[in-house]
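S.K.:
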Amino acid sequence: MLNIRDLKVSYGPIEVIHGISLDVNEGECVALIGANGAGKSSTLKAICGLVPVSGGKVTFEGRDITNLSGHAVVKAGITMCPEGRQVFPQMSTLKNLRMGAYTRNDDEQDADLERMMGMFPILRERAHQAAGTLSGGEQEMLAIARALMARPKLCIFDEPSLGLAPKIVADVAATIARIKETGMTILLVEQNSLMALRLADRAYLFEAGEIVLSGTGEELQSHPEVVKAYLGH
Ligand code: ATP
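What the sequence shown shows, in this note's numbering, is residues 3 to 235, in sequence order.
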């Protein structure tokens, strides 16, 4: 569904992604893991049209989407649930959810809102509360639901567990697992490698702007290098 070939990303004169290739097939959950600064976020941003691609190609459902605008990428069916949630703090929960559907022009948004409130009952309780006053975990649920409001074909999660208490991290992982069960295609970036590898059908390990290892979630969970460097046991 998503095919990346020889992708390069540079910030000014400095190349930080050195020609990576990866695939996400329909219905799969694929994780990108690796240390801080390894290039996971830059890869996501390049897919989503948020930083320019300096080399290589990104195709989605067979269509070349390299260097499309962020808006056009959402239109094509890719939505990002961003690092740090980035909810609109002054707006109500409900308004935030409606913002997620801004590229849609169908009349099923109310039905989807109802579906989201059913999936995340806490959002119904907080519907009229300013999003900035929600807890970190609630804001993450809101960010996830807002992403789903765009009715994406591919949903990208950037560090969904960041800054959350362990119990809430488990809730977020369970939520992503539920979304996966609906058949959604998922690309997940996580510092929490264990959580990512448990959720993922397949995963890629990034180091210094390159992919150094790939395999199923299970394979990487027991790969000596991954265990030593990223799973800490
Ligand atoms: P993190 O988990 O910290 O986000 P990451 O694996 O996602 O790490 P990136 O954020 O993609 O890594 O960073 C890859 C490299 O690009 C790093 O060396 C980083 O310092 C550099 N970088 C990221 N954003 C910028 C920017 N806007 N300008 C210049 N360099 C940047």
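Beta carbons: idealized from backbone N, C-alpha and C, even for Gly.
Specify the secondary structure class of K59 as computed by DSSP and reduced to three states.
M.R.: strand
S.K.: With distances taken Cα to Cα, identify the nearest neighbour of I6 among G29, N38 and N69.
M.R.: N69
S.K.: What does DSSP give as the partner residues of S195 in its beta bridges?
M.R.: BP columns for S195 are empty, so no partner.
S.K.: For P154, tell me which candidate among M93, Y104 and R87 has the shortest Cα-Cα distance.
M.R.: Y104
S.K.: Please give me, in chain order, every unbroken run of the beta strand (DSSP E) with length at least 3 that falls completely inside the segment 115 to 199.
M.R.: 156 to 160 and 187 to 191
S.K.: Using only the alpha-carbon positions, how far apart do A202 and I158 sit?
M.R.: 13 Å
S.K.: Label T81 either buried or exposed according to how many other C-beta atoms from any shown protein chain fall within 10 Å of its C-beta, with 16 as the threshold for buried.
M.R.: buried
S.K.: Under a three-way DSSP split, which group does N5 fall into?
M.R.: Reduced to three states, the DSSP call for N5 is strand.
S.K.: For G36, which three-state DSSP category applies?
M.R.: strand
S.K.: Can you pull the DSSP bridge partners for M82?
M.R.: Answer is I158.
S.K.: Quick check: the Cα distance between M3 and C83, rounded to an integer number of angstroms?
M.R.: 19 Å
S.K.: Apart from the five residues just before and just after I170, which ones in its own chain have a Cβ nearer than 6 Å to its Cβ?
M.R.: G139
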